[in-house]
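J.:
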Amino acid sequence: MQDIALERRVDRLEEAMMELVYQSRKTEMKIASLAQEMKEFKDEMKEFKDEMKEFKDEMKEFKDEMRKFKEEAEKDRKQATREWNKKWGELANKLGTIVEDLISPAIGPVIRKYFHCEPEQIAIRIKKRKKDLRDEFDAVAICEDKVFLFEVKATPRPEYVFEFIKEKVDRFKKLFPELLDKRLYLIFASIRLEKDIINLLTKHKIFGMAYREWEYMDILNFDEVVKQLPE
148 MQDIALERRV
158 DRLEEAMMEL
168 VYQSRKTEMK
178 IASLAQEMKE
188 FKDEMKEFKD
198 EMKEFKDEMK
208 EFKDEMRKFK
218 EEAEKDRKQA
228 TREWNKKWGE
238 LANKLGTIVE
248 DLISPAIGPV
258 IRKYFHCEPE
268 QIAIRIKKRK
278 KDLRDEFDAV
288 AICEDKVFLF
298 EVKATPRPEY
308 VFEFIKEKVD
318 RFKKLFPELL
328 DKRLYLIFAS
338 IRLEKDIINL
348 LTKHKIFGMA
358 YREWEYMDIL
368 NFDEVVKQLP
378 E
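One rule links them: number in the working numbering = place in the sequence shown (from 1) + 147.
(1) Going by DSSP, name the residue or residues bridged to TYR332.
(2) Counting only the same chain and skipping the five closest in sequence on each side, list residues whose C-beta sits under 6 angstroms from that of GLN268.
(3) Tell me the DSSP secondary structure of LEU242 in three-state form.
(4) Going by Cα to Cα distance, which pick from ASP317, LYS321, LYS300 is closest to LYS97?
(5) Could you tell me the distance, in whole angstroms, from the CA atom of GLU378 to the CA atom of PHE335?
(6) Just to confirm my understanding: we take LYS329, look at its own chain, exclude 5 residues before and 5 after, and list those with CB closer than 6 angstroms. What are they?
(7) Could you spell out where the alpha helix (DSSP H) holding LYS277 opens and where it closes?
(8) Among all the DSSP beta bridges, which residues are the ones paired with ILE344?
(9) From ALA253 to LEU348, what distance separates their C-alpha atoms?
(10) Quick check on DSSP: helix, strand or coil for LEU283?
(11) What residues match up with ARG339 in a beta bridge as DSSP calls it?
(12) Could you check if PHE188 is buried or exposed, using at least 16 other CB atoms within 10 Å of its CB as the buried criterion?
(13) So, with DSSP's three-state summary, where would you put ALA253?
(14) Mapping the DSSP letters down to three states, classify ARG359 as helix, strand or coil.
(15) Is it buried or exposed for GLY125, if we count other Cβ within 10 angstroms and need 16 for buried?
(16) With 16 as the cutoff for other CB atoms within 10 Å, does LEU242 come out buried or exposed?
(17) Please report how far the alpha carbon of ARG339 lies from the alpha carbon of VAL308, in whole angstroms.
(18) Return helix, strand or coil for PHE323, following the three-state DSSP convention.
(19) According to DSSP, which residues form a beta bridge with ALA288?
(20) For VAL372, count neighbouring C-beta atoms within 10 Å of its own C-beta (all shown protein chains included) and say buried if the count is 16 or more, exposed if not.
(21) What residue range is occupied by the uninterrupted alpha helix (DSSP H) comprising PHE369?
(22) To which residues does DSSP link ASP365 through a beta bridge?
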């Protein structure tokens, strides 16, 4: 009986050992399978990262090309604008239509940009006579509390600046006394202003208006003049 019982225990032990070996083998197979899947996943991730890097490199190259294209296009546009404005200025100069063709369209934008007021009236080539006093003014712009007197010259010279200061302004005040309650701003305009003329205008608190690098009509000495004016 003891032998039979021992034999049964041995059989159960063998079965348990076999089950343990089976489970161990099964676990090893699962681990091996998981390891293989992880390896495949890592390989796929590496391939994905490589593809993303290649895509990013291509996008960077595309963006660089687009940036260069935009820069070249902007450069060409500015150059074309400069050449057009220069030729148009030369033609207007020859035809004597600088005021109408070049200065007049820029008056409103310049006043709004720098003086922050909306012109109620812009008049070109105003002729005024009062008894024996008469004169013609190239352009006048009127805001609610400001008035802008423009003097336009095709070929700016120092003597034109002095004539504007000493004679033109005085005649304007006498011919338009109804505007004396508004603050008067003087603007000397041309297609192009040399540095010495700009300095002279600044010295006498006159704004100089001309093409800025042949791109657009602008006031070239605004900050320098404004800091000299009373509040």
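Where is the CB? At the ideal position from N, CA and C, for every residue including glycine.
T.: Taking the geometry as given:
(1) Paired residue(s): PHE295.
(2) In the same chain as GLN268, and ignoring 5 residues on each side of it, the C-beta atoms closer than 6 angstroms to its own belong to ILE289, in chain order.
(3) Reliability fails at LEU242, whose pLDDT of 47 lies under 50, so the model's placement of it is uncertain and no value is given.
(4) No answer is possible for residue 97: it lies beyond the span of the chain, which begins at 148 and ends at 378.
(5) Here the C-alpha atom of GLU378 lies approximately 22 angstroms from the C-alpha atom of PHE335.
(6) Cβ neighbours of LYS329 beyond the five flanking positions: ASP292, LYS293, VAL294.
(7) Secondary structure note for LYS277: it is in no alpha helix (DSSP H), and the uninterrupted beta strand (DSSP E) holding it is 268 to 277.
(8) BP columns for ILE344 are empty, so no partner.
(9) Inter-residue distance for ALA253 and LEU348 is about 19 angstroms (C-alpha atoms, whole angstroms).
(10) According to the sequence provided, residue 283 is Glu. The question's Leu does not apply to it. In the structure shown, GLU283 sits in a strand (DSSP, three-state: E or B).
(11) Within the DSSP secondary-structure output, ARG339 pairs in no beta bridge.
(12) Classification of PHE188: exposed, given that the 10 Å Cβ count is below 16.
(13) Residue state, collapsed to three classes: helix.
(14) Secondary structure of ARG359 (DSSP, three-state): strand.
(15) Look at the range of the chain in this structure, 148 to 378, and you will see that residue 125 is not part of it.
(16) At LEU242 the pLDDT is 47, less than 50, meaning the model places this residue with poor confidence; the figure from the coordinates comes in the next sentence. It counts as exposed.
(17) ARG339 and VAL308: Cα-Cα distance of roughly 14 angstroms.
(18) Of the three classes helix, strand and coil, the one that applies to PHE323 here is coil, per DSSP.
(19) For ALA288, which the question treats as bridged, DSSP gives the partners ILE269, PHE295.
(20) By the Cβ neighbour-count rule, VAL372 is buried, with 16 or more other Cβ atoms within 10 Å of its own.
(21) Taken as a continuous stretch (DSSP letters only), the alpha helix (DSSP H) holding PHE369 covers 369 to 373.
(22) DSSP output for ASP365 lists ALA357 as bridge partner(s).
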